[in-house]
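**Student:** Following this message is one structure expressed as C-alpha cells.
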Amino acid sequence: MRRIGIAVLAVVFLAVAGCATRPADPDLARQFDEINDPWEPVNRGIFAFNGVLDAAVVKPLAVGYRFITPQFVRTGVSNFFENLRTPMYLANDLMQADGAKACDSLRRLLVNTTIGVGGLFDPASHWDIPKKDNDFGRTLAVWGVERGPYFVRPFFGASTIRDAAGWGVDLFLIPTDYLILDQPEIYWSKAALYNISEREQAIEFIENLQRSSTDMYVTVRSLYLQNRTKEIAAARGEKSAPGYAFEFDTDD
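Residue numbering for the sequence shown follows our numbering, starting at 236 and increasing by one per position.
This is the structure we're talking about:
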C-alpha cells in the first residue's frame with residue numbers, strides 16, 4: 236500500500252507547487268488547454284529524476300535480466316504477470332458493463348490458469364481469445380469522469396489525475412496480492428520482477444525515442460495522452476483518430 240502513499244504525496248506536491256502561465260495567444264492557449272499540463276515545471280523535474288533513476292538502476296537491471304535469462308523464460312514471466320492482472324481487467328470490464336470483453340477476460344483467465352500452467356503459457360491467444368487489458372482509469376472515463384491535469388509520478392511516470400486515481404483502485408483488484416501482503420519480501424520481489432520484465436521489453440522502444448526526440452518530456456507526454464485517448468475511445472465504443480499506441484506500464 237506504500238505505492239498509494241507515493242501517488243497521494245505526488246498529487247499534493249504538484250497541487251501546491253504552482254501552475255504554469257496560460258499563454259495569451261489564442262492558438263497557444265487552445266493547445267495549452269488540450270494538453271492540460273499546468274504543472275509542467277514540476278513535472279519536468281520529476282521526469283528528470285525518473286530518468287536518472289532509470290539510467291542508474293532500472294535499465295541496467297533490465298539489461299542484466301535479458302543477458303542472463305533465456306527468451307522462453309522471459310516470455311513465461313511476462314505471461315505469468317499478465318495472467319495475474321487478468322482479474323483486474325475482468326473487474327473493470329464488468330464495471331464498464333462490457334459483457335463481451337468480460338467474457339473474453341474470463342475465458343483467458345480460465346484457460347491460461349489451467350492449461351497454461353498458472354499463466355506461464357498463453358494457449359488462449361493460440362485459440363484466438365483476444366487479449367485486451369483494462370484499468371479503472373478507463374472505467375472512470377466511461378462513466379464520465381474528466382481526465383484532469385497531466386502529471387508525472389515519481390518512480391512510475393506519466394499519468395493524469397483520473398488515471399492516478401484509477402491506478403490506486405486497481406491495486407486492490409489483483410486478488411493474488413492479498414495472499415502475500417503479510418510477506419513483504421515476496422510482495423516487493425514480485426513488484427520488482429514485474430517492473431524489470433516490463434522495462435526489458437521496452438529497451439529498444441525507449442532507446443529509439445531517446446535517439447529521435449529533441450525533447451523527451453514532450454515526446455513521452457504526447458505518446459501517453461494519445462495512447463490513453465485511443466484506449467478510452469475504445470472502452471466507450473467510439474472511433475478515435477489514428478495515433479501511436481504503445482504498451483509500457485510500470486504500475487505494479
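Every residue gets a Cβ at the ideal spot worked out from N, C-alpha and C, and that includes glycine.
Taking CB distances under 8 Å as the criterion, tell me whether valine 277 reaches chain B.
**Tutor:** Absent from the structure: chain B. Only one protein chain is present.
**Student:** Check the C-beta distance from asparagine 314 over to phenylalanine 356 and give it rounded, since I have them as a contact under 8 Å.
**Tutor:** 6 Å between Cβ atoms; contact.
**Student:** What is the rounded straight-line gap between the Cα of glycine 372 and the Cα of leucine 319?
**Tutor:** Approximately 19 Å between the Cα atoms of the pair.
**Student:** Just the Cα atoms here: how many angstroms apart are leucine 344 and tryptophan 402?
**Tutor:** Distance between the alpha carbons of leucine 344 and tryptophan 402: 21 Å.
**Student:** Between which residues of its own chain and tryptophan 362 is the CB-CB distance below 8 Å, once the five residues before and five after are set aside?
**Tutor:** Hits under 8 Å: Val346.
**Student:** Please report how far the alpha carbon of alanine 393 lies from the alpha carbon of valine 387, in whole angstroms.
**Tutor:** So the two alpha carbons sit approximately 5 Å from each other.
**Student:** Reducing DSSP to helix, strand and coil, say where alanine 332 ends up.
**Tutor:** Three-state DSSP puts alanine 332 in coil, outside helix and strand.
**Student:** Go ahead and label proline 419 buried or exposed: buried means 16 or more other beta carbons lie within 10 angstroms of its beta carbon, across all protein chains shown.
**Tutor:** Label assigned to proline 419: exposed.
**Student:** With a threshold of 16 other CB atoms inside 10 Å of the CB of leucine 325, please say whether the residue is buried or exposed.
**Tutor:** So leucine 325 counts as buried.
**Student:** Ignore the nearest five residues each way along the sequence and tell me which others in arginine 229's own chain have a CB closer than 6 Å to its CB.
**Tutor:** Here the chain covers residues 236 to 487 and nothing more, so residue 229 does not appear.
**Student:** I want to know whether the region 425-433 touches the region 292-309 - three or more CB-CB distances under 8 Å.
**Tutor:** Short answer: they touch.
**Student:** For isoleucine 409 and isoleucine 415, which I take to be in contact (beta-carbon distance under 8 Å), what is that distance rounded to the nearest angstrom?
**Tutor:** That pair is no contact at about 11 Å.
**Student:** Just the C-alpha distance for alanine 468 and valine 455, rounded to the nearest angstrom, thanks.
**Tutor:** Their Cα atoms are separated by approximately 20 Å.
**Student:** Between the alpha carbons of threonine 349 and alanine 359, how many angstroms are there, rounded?
**Tutor:** Using only the alpha carbons, I get a separation of about 11 Å.
**Student:** Thinking C-alpha only, which one of Glu466, Lys367, Lys366 and Tyr459 is nearest aspartate 272?
**Tutor:** Per the Cα distances, Tyr459.
**Student:** Whole angstroms are fine: how far does the CA of serine 447 sit from the CA of phenylalanine 307?
**Tutor:** The straight-line gap from Cα to Cα measures roughly 31 Å.
**Student:** Could you give the residue range of the alpha helix (DSSP H) that holds glycine 280?
**Tutor:** First-last of the alpha helix (DSSP H) with glycine 280: 275-288.
**Student:** For aspartate 339, tell me which candidate among Arg309, Thr321 and Phe391 has the shortest Cα-Cα distance.
**Tutor:** Minimum Cα distance to aspartate 339 is reached at Thr321.
**Student:** If you follow the alpha helix (DSSP H) that valine 455 is in, where does it begin and where does it stop?
**Tutor:** From DSSP, the alpha helix (DSSP H) with valine 455 extends over 451-470.
**Student:** For proline 389 versus tryptophan 274, is the C-beta spacing smaller than 8 Å?
**Tutor:** For proline 389 and tryptophan 274, no; Cβs fall outside 8 Å.
**Student:** Ordered along the chain, which non-local residues of its own chain (more than five positions away) have a Cβ less than 7 Å from that of isoleucine 364?
**Tutor:** Cβ within range, chain order: Asp339, Arg342, Arg343 and Val346.
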